[in-house]
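Undergrad:
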Amino acid sequence: MTRAAACAALIAICGQASAQDGDAITLIVPYDPAGPTDIMVRAIADLMEEELGSSVIVANSSGGGGIVGMEQALASAPDGKTAGLYLTNTLVGMATGAAPFGMEDIAPACMFAETPLAVAGIGGEEALSGLEDLLATEDARLAIERGTLSQLAGLLMEDASGHQFQLIAVEAGPDKVMSVLDGLVTAVVTPLPGVIREHETGEFRILGVLSDERLERMPDLPTAREQGVDLSMIQSFGFMFPAGTPEPDIDAFCDTVETATQDADFRALMDALGVDLRFLRGVNYGEYMREQRERIADLAAIAGFGG
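Residues in the sequence shown are numbered consecutively from 4, following the working numbering.
1. For residue 304 and residue 50, I'd like the C-alpha separation in whole angstroms.
2. Identify every run of the alpha helix (DSSP H) within the region 19–62, keeping only runs that are complete inside it and at least 4 residues long; order them along the chain.
3. May I ask you to report which of helix, strand or coil DSSP gives residue 167?
4. Just checking, does the region 116–129 make contact with the region 196–210 on the three C-beta pairs under 8 Å criterion?
5. Going straight from the alpha carbon of residue 89 to that of residue 31, what length do you get?
6. Could you tell me the distance, in whole angstroms, from the CA atom of residue 238 to the CA atom of residue 117?
7. From what residue to what residue does the alpha helix (DSSP H) around residue 295 run?
8. For a quick check, are the C-beta atoms of residue 111 and residue 212 less than 8 Å apart?
9. Per DSSP, what kind of secondary structure is residue 85 in: helix, strand or coil?
10. Determine the direct distance from the alpha carbon of residue 58 to that of residue 24, and round the result to whole angstroms.
11. My guess is that residue 192 and residue 147 are in contact by the Cβ rule of under 8 Å, so how many angstroms apart are they, rounded?
12. Is the beta carbon of residue 156 closer than 8 Å to that of residue 189?
13. Terminal residues of the continuous alpha helix (DSSP H) containing residue 250?
14. Just how far apart, CA to CA, sit residue 294 and residue 41?
15. Quick one: is residue 187 buried, meaning 16 or more other Cβ sit within 10 Å of its Cβ, or exposed?
16. Extract the residue ranges of the alpha helix (DSSP H) inside the region 145–228, only unbroken runs of 4 or more that lie entirely within it.
17. Helix, strand or coil for residue 279 per DSSP?
18. Assign residue 36 to one of two classes, buried (16 or more other C-beta atoms within 10 Å of its C-beta) or exposed (fewer than that).
19. Taking the straight line between their C-alpha atoms, what separation do you get for residue 183 and residue 206?
20. Run the CB neighbour count on residue 286, radius 10 Å, all protein chains shown included, and call it buried at 16 or more, exposed below.
21. For residue 114, which of helix, strand or coil comes out of DSSP?
22. Can you name the start and end residues of the alpha helix (DSSP H) that residue 243 belongs to?
23. Kindly list the residues whose CB is nearer than 6 Å to the CB of residue 73, restricted to its own chain and excluding five residues on each side of it in sequence; keep chain order.
24. What is the DSSP secondary structure of residue 120, reduced to helix, strand or coil?
25. Smallest Cα separation from residue 113: which of 297, 259 and 60?
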């Protein structure tokens, strides 16, 4: 199955669940509908419904680099009925003090995937060949999302390369894509799923991935480190509940999520989006996110990033 076919097939079946079931679970996505993150969660929701036999509702609440939706999830009753998406992105706001909540307010549930950030510019005849060309571009403009890993990555690219960029805040994923296509910016810094389709169609060229090693699925793409920019930045995807949610409820939820991630069509979708499956739960997931928060806080201090 091709990446495009996998995406099309699963987007077609990922619908909004009915809210009529009293046992319904709500998954809050802190981004607008139809983006890569939303598509992933809706695919999981459909598979969870099949497993549970009850409704799994996907609710979108965007803004603040994911903080708005996460705050909404944390304000819900700790009864195991409302889970929020827990992203490395939201750790930026927590590390810099921009988020009105802390790790003590969160009951980590389970992580299901991760993907590197990428730097991408226009494709075709005007395409830059790599990060070296980008760094050589006078007054290069980078589209970033304020208060997220993409802004932090942009600042750290400046620090690692000694090159000054114009960082242009573009909040929504589709707007970041259009800012490149319309020539408003030179390149975009964003998680790989946000640019992989455009790269494969030739509209974009990925100039470098912010990963430790080249990606198995796209081995021709060089890392930033290979090109002299010592930077790795990973976006992880998982779920969390408000602190105080009973452990049996969290365990049952994670059992269902883990089952969903074994589905062949879901795995094909994740591959099409450029996302690696990685499952962590409970204490292990909580420790992973604490370590990521500490790393992000250290990097934010290096970049002089205060939110």
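We put the CB at the ideal spot given by N, CA and C, even for glycine. Bear in mind the structure is a predicted one, so any value in this text is a computation, not a measurement.
TA: The relevant details are as follows:
1. Locating residue 304 in the sequence shown gives position 301, where the first residue counts as 1. Locating residue 50 in the sequence shown gives position 47, where the first residue counts as 1. Using only the alpha carbons, I get a separation of about 41 Å.
2. 39–55
3. The residue labelled residue 167 in the question sits at position 164 within the sequence shown. DSSP places residue 167 in coil when its eight states are reduced to three.
4. yes
5. Your numbering for residue 89 matches position 86 in the sequence shown. Your numbering for residue 31 matches position 28 in the sequence shown. Each residue's alpha carbon lies about 10 Å from the other.
6. Here residue 238 corresponds to residue number 235 of the sequence shown, with the count starting at 1. Here residue 117 corresponds to residue number 114 of the sequence shown, with the count starting at 1. Looking at the two C-alpha atoms, the distance is approximately 6 Å.
7. For the purposes of this step, residue 295 is taken as residue 292 along the sequence shown, with counting starting at 1. Start and end: 285–306.
8. The residue labelled residue 111 in the question sits at position 108 within the sequence shown. The residue labelled residue 212 in the question sits at position 209 within the sequence shown. No, they are not a contact pair.
9. Here the question's residue 85 lines up with position 82 in the sequence shown. DSSP places residue 85 in strand when its eight states are reduced to three.
10. Counting from 1 along the sequence shown, the entry for residue 24 is found at position 21. Counting from 1 along the sequence shown, the entry for residue 58 is found at position 55. Only weak support exists for where residue 24 lies, its pLDDT of 44 falling under 50; the coordinates are left without a value.
11. Here residue 192 refers to the residue found at position 189 of the sequence shown. Here residue 147 refers to the residue found at position 144 of the sequence shown. Their Cβ separation, rounded to whole angstroms, is 5 Å, which keeps residue 192 and residue 147 in contact under 8 Å.
12. Stepping through the sequence shown from its first residue, residue 189 is reached at position 186. Stepping through the sequence shown from its first residue, residue 156 is reached at position 153. Against a cut-off of 8 Å, the Cβ pair of residue 156 and residue 189 comes out as no contact.
13. Position 247 of the sequence shown, counted from the first residue, corresponds to residue 250. That run of the alpha helix (DSSP H) goes 250–263.
14. Translated into the one-based positions of the sequence shown, residue 294 becomes position 291. Translated into the one-based positions of the sequence shown, residue 41 becomes position 38. Residue 294 and residue 41: Cα-Cα distance of roughly 26 Å.
15. Working through the sequence shown from its first residue, we reach residue 187 at position 184. It counts as exposed.
16. 152–164, 176–184 and 199–204
17. Here residue 279 corresponds to residue number 276 of the sequence shown, with the count starting at 1. It is a strand residue.
18. Numbered from 1 along the sequence shown, position 33 holds the residue referred to as residue 36. With fewer than 16 other Cβ atoms within 10 Å, it is exposed.
19. Along the sequence shown, read from residue 1 onward, the residue named residue 183 stands at position 180. Along the sequence shown, read from residue 1 onward, the residue named residue 206 stands at position 203. Taking the straight line joining both Cα atoms gives about 10 Å.
20. For the purposes of this step, residue 286 is taken as the residue at position 283 of the sequence shown. Residue 286 should be labelled exposed.
21. Stepping through the sequence shown from its first residue, residue 114 is reached at position 111. Three-state result, residue 114: strand.
22. The residue you call residue 243 lines up with position 240 of the sequence shown. Premise fails: residue 243 lies in the beta strand (DSSP E), 237–245, not in any alpha helix (DSSP H).
23. Working through the sequence shown from its first residue, we reach residue 73 at position 70. Once the five neighbours on either side are set aside, the close Cβ partners of residue 73 are 33, 87 and 93.
24. To locate residue 120, count along the sequence shown from 1; it is residue 117. In the structure shown, residue 120 sits in a strand (DSSP, three-state: E or B).
25. In the sequence shown, counting from the first residue as 1, residue 113 sits at position 110. Of 297, 259 and 60, the residue nearest in Cα terms is 259.
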